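The letter at position 442 of the sequence shown is residue 442 when you use full-length UniProt numbering, and the numbering goes up by one with no holes.
Where a beta carbon is used, it is the ideal one built from N, C-alpha and C, also for glycine.
Keep in mind it's a predicted model, so treat the numbers as computed, not measured.
Accompanying notes for the structure given below.
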Amino acid sequence: MLRPAAQAPAALEAEIPDAGVLDPRDGGPDARALGEAECVLVDAATPGVLDLVRRVRRADASVQPVVVAAEGDRARVERGMLFTPGVGEIWIAAPGEVGPDLLARAARVTGQRRAHLRRQQHVEHALAKLEPSPPRRAVLSDAYLAALLRALPDPVFSVDSEGRVISMNPAGERTFGRAQHEVLRRPLADVVAPVTGELPSFDAPEGGGSEITFRRPDGGMGEGELVVMPVDAGGRRVYAVVLHDLTEERRIQHELEATAGELEVQAAELQEQAADLETALAARARFYWSMSHELRTPINAIIGYNALLLDDIYGPLADQQRAALTRGQKAANHLLELVNDVLDMAKVEAGRIELEPEPVHFPGVLHDLLATVQPLAAERGSTVSVTGEGTHAVRTDPRRVRQILLNLLSNAVKFGEGEPIEIRWWREDDRGVCVEVVDRGRGIAAEDLPRLFSEFSQFGERQEGSTGLGLAISRRLADALRGTLTATSELGQGSRFRLRLPAELPG
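Listed below in structure tokens is the structure:
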């Protein structure tokens, strides 16, 4: 990265752990400082940013510079590029666009340029060895040069001053499907036959390059970069022409770009679906909230009048009338329980659950619950016991803890088949607390366990007297308390529900 050291973008350096930082006030980049850099990021706010890029180009023409420009700086940099010679190809990226994908693309481009430069230097070095004297040149031409050209993976031509082919290596024969003797003295343009693009000029003193597409022997299209290098062969002007095949690299690049495009579309679709889902959930929560409030008033009225009738306020009831009212009262209470559960679920989903942390003492809170559930347990023929050692307190919401444990105990009584029920508790190593409610009743089938805490989940015989919301609400309340609620069970062997609570509920 190139920018004043006092303006270090810490977030960007954290994103790129291997980045080095060069201060342009210390003289800017040179070949030694750049080393094996795959990409140079230049802050657009750096004074003389384009002159700095030009110095990067002079130090290492292969490395890809990327100017990191905020929205207001992009236009200024683009205008400056038109009037600053020697800056070459510059990428401009917003700060949010600088990441692994951009750096990987820049690294590939830099790597391709350096590979091309190494090939060019290799050929120049080999050709330079041919120049000392005619005898030496003849020996090398017959042995060393032939072996060298055979080994090169890229097509290499030697071309005279009129653009006619003097030689072609085996890679050229494979690429164009023609033997060397078939192309000798033919114009290079006819041999390569670019479909798009043009051959580089042979007039430039230092050679040149251009990108072309060409047709392969199998009819497919290839992409490549043609590089022309002039060679002084004992006073005779000839040219070495190398074709670097870019077909596979471009194919991979196109696939990556297509995949990136598809991922962007999918990400946009997922965001849209998430927004729609969030809207639907909010609408459902509002509906639950509204309907629950509307239903509670008439249900409470029904329960109240039924209670008056059962208390003989309006006169004595016949046994048949009392039995019918008792069934109606039971149904009304169950309906009120369902409405209250729906209202609690709506509060949880809407984030309206208010938590009031205070010390909750164990086992005191468990003995309070024991007094509440023992009458119902006695009706079912069950006994409920509390086991644990010592005392301990955690700071959490006592109302919500009681709500969770009361639901677990009520379920244990309902489905415990009259067997003993145990409440076990202990202090955790992190000063939290763990409570288990264990029954020896019907148990839960293994295939039903994954959906045990889902809304309105009812299965098998556990539908009796159940709204299907109690465990779902309890799990969400445990999450709100920064705890966990889990279950294990075996059909016919009973169930074990475990509530873990932290030592302190974060404020």
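| query | Using a threshold of 7 Å, is the CB atom of Ala70 nearer than that to any non-hydrogen atom of the ligand NAD? | reply | Absence of the ligand NAD from the depicted structure is noted, as is the absence of any ligand whatsoever, leaving it without description.
| message | Quick check: the Cα distance between His122 and Glu248, rounded to an integer number of angstroms? | response | Position 122 of the sequence shown, counted from the first residue, corresponds to residue 122. Position 248 of the sequence shown, counted from the first residue, corresponds to residue 248. Each residue's Cα considered, the two are about 23 Å apart.
| query | In the DSSP assignment, what residue or residues form a beta bridge with Phe214? | reply | Sequence index remark: in the sequence shown, residue 214 carries index 214 (1-based). The partner list for Phe214 (beta bridge, DSSP) reads Gly222.
| query | Quick one: complete alpha helix (DSSP H) runs, 4+ long, within the region 301-329? | reply | none
| query | Who are Asp160's beta bridge partners in DSSP? | reply | As a position in the sequence shown, residue 160 is number 160, starting the count at 1. Residue pairing by DSSP puts Asp160 in a beta bridge opposite Val238.
| field | Cβ distance (whole Å) where Val159 is taken to contact Val227 below 8 Å | value | Against the sequence shown, residue 159 aligns to sequence position 159. Against the sequence shown, residue 227 aligns to sequence position 227. The Cβ separation is near 12 Å, so there is no contact.
| query | Which ranges does the beta strand (DSSP E) cover as unbroken runs of at least 3 residues, wholly within the region 392-424, from first to last along the chain? | reply | 392-396
| said: Helix, strand or coil, according to DSSP, for Glu198 in the structure here? | reply: What you label residue 198 is simply residue 198 of the sequence shown in a count that begins at 1. Glu198: coil per DSSP, three-state reduction.
| request: May I ask you to report which of helix, strand or coil DSSP gives Glu379? | output: Your numbering for residue 379 matches position 379 in the sequence shown. Of the three classes helix, strand and coil, the one that applies to Glu379 here is helix, per DSSP.
| query | Apart from the five residues just before and just after Leu405, which ones in its own chain have a Cβ nearer than 6 Å to its Cβ? | reply | What you label residue 405 is simply residue 405 of the sequence shown in a count that begins at 1. Excluding residues within five positions, the ones whose Cβ falls inside 6 Å are Leu369.
| request: Would you kindly work out how many angstroms separate the C-alpha atoms of Ala11 and Ala69, rounded to a whole number? | output: Taking the first residue of the sequence shown as position 1, residue 11 is located at position 11. Taking the first residue of the sequence shown as position 1, residue 69 is located at position 69. With a pLDDT of only 48 at Ala11, under 50, the local geometry of the prediction cannot be trusted, and the value read off the model is given with reservation. Going from the Cα of Ala11 to the Cα of Ala69 covers about 15 Å.
| Between the CA atoms of Ala146 and Ala138 - distance to the nearest angstrom | Taking the sequence shown and counting its residues from 1, one reaches residue 138 at position 138. Taking the sequence shown and counting its residues from 1, one reaches residue 146 at position 146. With a pLDDT of only 46 at Ala138, under 50, the local geometry of the prediction cannot be trusted, and the value read off the model is given with reservation. Ala138 and Ala146: Cα-Cα distance of roughly 11 Å.
| task | Could you spell out the range, first to last residue, of the alpha helix (DSSP H) harbouring Phe176? | result | As a working note, residue 176 is residue 176 in the sequence shown. Phe176 -> alpha helix (DSSP H) spans 170-176.
| message | Suppose you measure from the CA of Arg322 to the CA of Asp312; what does that come to, to the nearest Å? | response | For the purposes of this step, residue 322 is taken as the residue at position 322 of the sequence shown. For the purposes of this step, residue 312 is taken as the residue at position 312 of the sequence shown. Cα to Cα, the separation comes out at about 10 Å.
| message | Threshold first: 4 residues or longer. Then list the alpha helix (DSSP H) segments lying entirely within the region 47-98, N to C. | response | 49-59, 71-82
| query | Can you tell which of Arg482, Val373, Glu455 has the C-alpha that lies nearest to the C-alpha of Ser382? | reply | Working through the sequence shown from its first residue, we reach residue 382 at position 382. Of the candidates Arg482, Val373, Glu455, the one whose C-alpha sits nearest the C-alpha of Ser382 is Val373.
| query | So, Pro398 versus Glu358, is the Cβ gap smaller than 8 Å? | reply | Locating residue 398 in the sequence shown gives position 398, counting from the first residue. Locating residue 358 in the sequence shown gives position 358, counting from the first residue. It is a contact, given that the beta carbons lie within the stated cut-off.
| If you check the beta carbons only, do residue 532 and Phe157 fall under 8 Å apart? | Since the displayed the chain opens at 1 and closes at 507, residue 532 lies outside it and no answer follows.
| field | For Leu343 and Tyr288, the rounded distance between their alpha carbons | value | Position 288 of the sequence shown holds residue 288. Position 343 of the sequence shown holds residue 343. Spanning the two alpha carbons is a distance of roughly 6 Å.
| Thinking C-alpha only, which one of Arg113, Phe176, Gly72 is nearest Ala93? | Taking the sequence shown and counting its residues from 1, one reaches residue 93 at position 93. The residue with the shortest Cα to Cα distance from Ala93 is Gly72.
| said: Which residues does DSSP list as the beta-bridge partners of Ser489? | reply: Along the sequence shown, read from residue 1 onward, the residue named residue 489 stands at position 489. DSSP lists Ser495 as the bridge partner or partners of Ser489.
| Nearest neighbour of Gly364, chosen from Pro316, Asn306, Arg424 [CA to CA] | Counting from one through the sequence shown, the residue named residue 364 turns up at place 364. Of the listed residues, the one whose Cα sits closest to Gly364 is Arg424.
| query | On the premise that Ala44 lies in contact with Val67, defined as a C-beta separation below 8 Å, what is that separation, rounded to the nearest angstrom? | reply | By 1-based counting over the sequence shown, the position of residue 67 is 67. By 1-based counting over the sequence shown, the position of residue 44 is 44. Indeed, because the Cβ distance is near 5 Å, the residues count as touching under 8 Å.
| request: Tell me whether Ile252 is buried or exposed, calling it buried when 16 or more other Cβ atoms sit within 10 Å of its Cβ. | output: Working through the sequence shown from its first residue, we reach residue 252 at position 252. Exposed, by the Cβ-count rule.
| query | Hey, quick one: how far does the beta strand (DSSP E) through Asp43 stretch, first residue to last? | reply | As a first step, residue 43 is located in the sequence shown; it is residue number 43 there, counting from the start. 39-43 is the span of the beta strand (DSSP E), which, as asked, contains Asp43.
| Looking at Arg482 and Leu505, is the spacing between their C-beta atoms short of 8 Å? | As a first step, residue 505 must be located in the sequence shown, where it is residue number 505. As a first step, residue 482 must be located in the sequence shown, where it is residue number 482. In this structure, Arg482 lies closer than 8 Å to Leu505 by Cβ.
| field | Nearest neighbour of Glu379, chosen from Leu409, His392, Met345, Gly418 [CA to CA] | value | Here residue 379 refers to the residue found at position 379 of the sequence shown. It is Gly418 whose Cα lies nearest to the Cα of Glu379.
| field | Spatially closest choice to Ala332 from Lys347, Ile302, Leu308, Gly315, by CA coordinates | value | Here residue 332 is taken as the residue at index 332 of the sequence shown, counted from 1. Cα-wise, what sits closest to Ala332 is Ile302.
| message | Taking 8 Å as the limit between beta carbons, can you name the residues of its chain near Asn300, skipping five residues before and five after? | response | What you label residue 300 is simply residue 300 of the sequence shown in a count that begins at 1. Answer for Asn300: Leu336, listed in chain order.
| Run through DSSP, which three-state label would Ile444 get? | Against the sequence shown, residue 444 aligns to sequence position 444. Residue state, collapsed to three classes: coil.
| task | Out of Leu499, Ser210, Pro217, Asp232, point me to the one whose CA is closest to Gly224's CA. | result | Against the sequence shown, residue 224 aligns to sequence position 224. Residue Ser210 is the option with its Cα nearest to Gly224.
| request: Can you tell me the Cβ-Cβ gap for Val437 and Ala412, rounded? I've got them flagged as a contact below 8 Å. | output: Locating residue 437 in the sequence shown gives position 437, counting from the first residue. Locating residue 412 in the sequence shown gives position 412, counting from the first residue. Their Cβ separation, rounded to whole angstroms, is 5 Å, which keeps Val437 and Ala412 in contact under 8 Å.
| task | May I have the straight-line CA-CA distance separating Arg420 from Ala377, to the nearest angstrom? | result | As a working note, residue 420 is residue 420 in the sequence shown. As a working note, residue 377 is residue 377 in the sequence shown. Per the sequence presented here, residue 420 reads as Pro, with Arg not at that position. In a straight line, the C-alpha of Pro420 is about 9 Å away from that of Ala377.
| field | Reduced DSSP secondary structure (H/G/I, E/B, other) of Ser167 | value | Your numbering for residue 167 matches position 167 in the sequence shown. In the structure shown, Ser167 sits in a strand (DSSP, three-state: E or B).
| Close beta carbons around Arg136, own chain, < 6 Å, minus the five adjacent residues each side | Here residue 136 corresponds to residue number 136 of the sequence shown, with the count starting at 1. Confidence at Arg136 is low in this model, with a pLDDT of 48, below 50, so its placement is unreliable and the value that follows should be read with caution. Counting only Cβ-Cβ distances below 6 Å, and skipping sequence neighbours, we find nothing.
| DSSP on Gly432, reduced to helix/strand/coil? | For the purposes of this step, residue 432 is taken as residue 432 along the sequence shown, with counting starting at 1. Reduced to three states, the DSSP call for Gly432 is coil.
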